[in-house]
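Chains as they are written, first to last, in full-length UniProt numbering: chain A, 1 to 774; chain B, 1 to 133.
In this text, a Cβ means the ideal position worked out from N, Cα and C, and glycines have one as well.
These numbers were taken from a predicted model, which means no experiment stands behind them.
Below is one structure, written out as C-alpha cells; the observations come after it.
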C-alpha cells in the first residue's frame, strides 16, 4: 500500500487525488486486509520511483496537445506534468513487459508502437484502442498469462519489481495515487478516515483520465484479492442487512479461479470515460474477459462498448441483490485461451444480456426498465455501429470526453450511495410501506392484461410479485453496563430514549368547561372515533389480501378477526351505549357532519350486514334535511349514493316503502322557515336527496311490478307514498330542482301509473326523464 | 442501467453541469462531482451567478461542498442550450453594484410600507425563519 509517513513526503499534486485517496481508507481494521497487514503495508520510496520515471521521461517525447481549449490551460500544465510521467511510466512499462515472459511479437510490436502515441490531456488515447488487430494480437498472450505484470494504474507509482507469484494479490491496492497534500496549508493525515466514506473494498487508485493516457496499456492485471468472495457484502457498512438475503440470491459473484476482469481503475475508466468512446477501451478489456461473458461486469462492457452515454451503473458485486441475476452460464475458466479468438466479435455482437435482479420490483416495472435498457442498447448500438457523428448525443459525448475531472466519484461510491437508497426501500411488508407503488403497478398490470386478453394469451410474464422480505431482526436492547461500576450508565440513545417532557394527562370535569369547549370536545371526540373506525376499515379492506398470503390454518382466525372488526365499526358508527338499544341518532349524525365521516360510511357500507346497513340508511333518511344542510359546504353526500343504491337491491319492499315514507314524512324541524315548504323540498333541492328519492322510487317500482303477491296494505302504502312524491315533484319549480346523479329508467312507467297524461309530461320535462325528442 | 424510475437519485447527474439553488437565495452553477446519501453535493468549477433584472454576473468560486439540507432545488443544464438565453452577462463589479442598488430600493420600499402601516395602526409580524412558534 502506498502510504506516506508524513506530510512532507507527499508531493504536491492534484487535489482530486487527495480525497479519493482518503476514501480508500478502511474504517475498520480487517485482519485480512492486505493493505494493513499484507504486502500493501509496505511503504515504498516514492522518490526512487519518481527518479525512475524521470528517466523514462527523457526517452519519450512529449508532445503537447493542441486540442485543449483555453479553459483548460491551467489544467493542461498540470496535465503535462502528469503526461510526462505517463511517458515515463509508459517506457517503464514497456521495459517491464519485455522483461516478462511475453514472447508474442505482437505484444512487442504493440508496446513499441506506444511511444509514438501522444498523450492527449483530457482524453483517452484512442489510437491504440481502435486497432482491433492490435488488440487481437494482444489478446492472445495476455489471456494466457494469469498474472500480468504491471497495471496501467501503477504508472505513477513507486516502482516495484515485477512481481511473480505475488501478483494474485491485489496489486491495485498498492497503486495509490500521489496524495495531494500541501505543506503550507496542510492536509489531513493520510490515515484519517473521513466520515461517510464508503469502506474500502479494493483500493481504487482513482485516477483522472488524464493520468490514464498511458499509451501502452498492455494488459490489465487481475486485481483480485484472494478473499474476493463477497467483498462488498462483508465490508459495506450499510450492507449488513442487504447481504443476508442477497447472498442467497446469487452465487459467487465471480467464478473462482477466473482471473478477475478489470482493475478498478479500468472499470472506472470504462464507466466514466470509455462509455463515451465507443469502441475505445473496451476491446482491450474484453481481451481479458473471456470468461466473463456472463458476469455482470463483463456484461456491462458490451454496453460500454456500444458507447453508452451517461453514467452507467453496473452492479457492484455487493449490490447484486438489486440489480443482477446470477451470472448466466459463465464459461469455465479453461476456456480462455482457445475461446478468446472469436470472443471479441461475439462480445461485440451479441451483447450478452445483463439481467439485473429486479425481483423485488413489480413485473410491470421490470418490463419498463428492460424496455428502457433495450432502447438504450439499441440506441447506442446504432451509434457505435453507424459511427454516426451527426447525432446530437455525440457532442455531449465530446464534452464528457474532454472532461478530465469525470469519474471523481467512483463507481463503487455511486453504488454505495444507491445501495443506501435501496436499503430504504426494503421492507417486510411492501403493501404497508409502499402501498401506492404496489397499487399503481398492479393497476397497470391489470390494464395491460385487459388489453392483452383478446388473443395473446400468456405472452407476457404473469409472475406473481415476490418481494425480498427482509427478516425483521429483533434486537433486544441491553443498556451498556460496565463491570465493577455502581449502577448503570444513563446514556440515552435511539434505542434507549430518555423521557424529556413530563406530560401529564389531566382530565377536566364537565362543570368547568364552557359551552364552546364542550362543543369543541365533542367534535374532537367524534374525530377520534372516526379515526379509529377508519383504521378498522383499512384493516378490514386489507383482509382479502391477507387471505391470499396466509396459510390454511390461519384463515378461520382471520375471518373471525374480520367479523369482529366489522362489528366494532358498526358500533362505533351508531354509538354503542352499554346495555341500551340505540335510541339516538345523535352519534351517527355527528359523524355524518364531518366530511371524512361521510366518506368513511360510504366505504363501510359494503361490509355491513343487510340489517345494519339498512339501519344506517334509515337513519340517514330520517335526518336527511339536517345532513343536507350540514353538507352544503362539503358536498360529499353524493358519494353515499352508490353504496346506498347497491344496498337497496337487497332490501325487501317493506323496507323500501318505509324508507320512502320516512322521506315523505320528514319531521318538521323547529327552525323551518315556513310551513309551506316541507322538508321534502329541501331534499328535492339537493342533488343527493333527489337522487336518493328517485332511486327509492325506482326500486319500489321494480319490487311492485315484479312481485304481484304483495299485500294490499303494502300496496296502499305504496300508492300513498307515490302520490305524495309526485305531488311534491310537481309542486316544486323546475329551477329549484336539483340535478340528480342518475336517473333510473323505469320512472316513466312508474309515474304513468299514478298520474295522468298531462302531469306525466310535466314530470318528464321536469326531471328530464326522457332523453331526446319525444 | 437506470435505477428505479420513481426515485430521485442524483447518481445519474454526476459529472454534469447543474444549476443549484440554495436556501439563502444563491444560485450556483457547477459540475456535480460527488454526492452522498444526504444529497450533499460537491460542485466543481462552480460559479455563483447573480441575477438582477435581465443582467447577470458570474463569480467564479472553485469547488463547493454544499450540505444537502441547504439545497432548494437543482437541475441539469443543457450545455447546448446554455448560451441560448435572453439574459445579458455583465462584469462582476457591475452586477454587484446592481444588486446593491436593488437591495437598497427594496429596503426603502419596505420601510415605507411598514411606516404606512404603522400610521394606520397595523403591524405585519415578520416571518422569521427561525421562529416557529
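Please report the straight-line C-alpha distance between residue i and residue j, rounded to a whole angstrom.
i: residue 448/A; j: residue 12/B; result: 30 angstroms
i: residue 51/A; j: residue 88/B; result: 52 angstroms
i: residue 63/A; j: residue 31/B; result: Residue confidence for residue 63/A is low, a pLDDT of 48 falling below 50, so the modelled location carries little weight; the figure read from the coordinates is stated next. Taking the straight line joining both Cα atoms gives about 29 angstroms.
i: residue 48/B; j: residue 35/B; result: 19 angstroms
i: residue 613/A; j: residue 499/A; result: 46 angstroms
i: residue 693/A; j: residue 648/A; result: 12 angstroms
i: residue 42/B; j: residue 521/A; result: 53 angstroms
i: residue 743/A; j: residue 450/A; result: 30 angstroms
i: residue 571/A; j: residue 616/A; result: 11 angstroms
i: residue 568/A; j: residue 622/A; result: 23 angstroms
i: residue 67/B; j: residue 28/B; result: 13 angstroms
i: residue 591/A; j: residue 760/A; result: 39 angstroms
i: residue 564/A; j: residue 638/A; result: 29 angstroms
i: residue 560/A; j: residue 40/B; result: 51 angstroms
i: residue 628/A; j: residue 663/A; result: 13 angstroms
i: residue 531/A; j: residue 61/B; result: 53 angstroms
i: residue 80/A; j: residue 437/A; result: Any reading at residue 80/A must be qualified, since the residue scores a pLDDT of 49, below 50, and its modelled position is unreliable; the value itself is stated next. Going from the Cα of residue 80/A to the Cα of residue 437/A covers about 52 angstroms.
i: residue 682/A; j: residue 110/B; result: 52 angstroms
i: residue 541/A; j: residue 445/A; result: 21 angstroms
i: residue 527/A; j: residue 606/A; result: 22 angstroms
i: residue 78/B; j: residue 49/A; result: 43 angstroms
i: residue 715/A; j: residue 610/A; result: 23 angstroms
i: residue 402/A; j: residue 22/B; result: 29 angstroms
i: residue 660/A; j: residue 625/A; result: 14 angstroms
i: residue 105/B; j: residue 97/B; result: 12 angstroms
i: residue 409/A; j: residue 14/B; result: 8 angstroms
i: residue 442/A; j: residue 750/A; result: 44 angstroms
I'd like to know if residue i contacts chain A, where contact means its C-beta is closer than 8 angstroms to some C-beta of that chain.
i: residue 9/B; result: yes
i: residue 15/B; result: yes
Quick one: what's residue i bridged to in DSSP?
i: residue 60/B; result: 47/B
i: residue 34/B; result: 42/B
i: residue 27/B; result: 21/B
i: residue 55/B; result: 52/B, 88/B
i: residue 66/B; result: 41/B
Does any CB atom of chain B fall closer than 8 angstroms to the CB of residue i?
i: residue 602/A; result: no
i: residue 649/A; result: no
i: residue 405/A; result: yes
i: residue 500/A; result: no
i: residue 653/A; result: no
i: residue 692/A; result: no
i: residue 828/A; result: With chain A covering only 1 through 774, there is no way to say anything about residue 828/A.
i: residue 206/A; result: Low confidence applies to residue 206/A: its pLDDT is 42, below 50, so where it sits in the model is not reliable enough to give any reading.
i: residue 421/A; result: yes
Could you check if residue i belongs to the surroundings of the ligand GTP, using beta carbon to heavy atom distance under 7 angstroms?
i: residue 537/A; result: Questions concerning the ligand GTP fall outside what the structure shown contains, since it holds no ligand whatsoever.
From which residue to which residue does the beta strand (DSSP E) around residue i run?
i: residue 74/B; result: 71-76
Under DSSP, the alpha helix (DSSP H) around residue i begins and ends at which residues?
i: residue 700/A; result: 687-706
i: residue 431/A; result: 430-433
i: residue 522/A; result: 515-549
i: residue 607/A; result: Looking at the DSSP string, residue 607/A is not in any alpha helix (DSSP H), and its letter there is neither H nor E.
i: residue 765/A; result: 757-767
i: residue 403/A; result: Run containing residue 403/A: none; DSSP gives neither H nor E here.
i: residue 570/A; result: 554-574
i: residue 754/A; result: 747-754
Looking at chain A, which residues of the stretch 32-44 of chain B have a Cβ within less than 7 angstroms of any of its Cβ atoms? 33, 34, 35, 36, 37, 44
Which of the residues in the stretch 70-104 of chain B, read from start to end, lie with their CB under 8 angstroms from any CB of chain A? If the cut-off is 8 angstroms between Cβ atoms, the stretch 70-104 of chain B has 79, 80 near chain A.
Check each residue of the stretch 559-575 of chain A: if its Cβ is closer than 9 angstroms to any Cβ of chain B, include it; give the result in chain order. Taking a C-beta cut-off of 9 angstroms against chain B, none of the residues of the stretch 559-575 of chain A qualify.
Please name the residues in the stretch 530-551 of chain A whose beta-carbon is closer than 7 angstroms to at least one beta-carbon of chain B, in chain order. The stretch 530-551 of chain A vs chain B, Cβ under 7 angstroms: nothing.
Would you list, in chain order, the members of the stretch 407-419 of chain A that have their beta-carbon closer than 8 angstroms to a beta-carbon of chain B? 407, 408, 409, 413, 414, 417, 418
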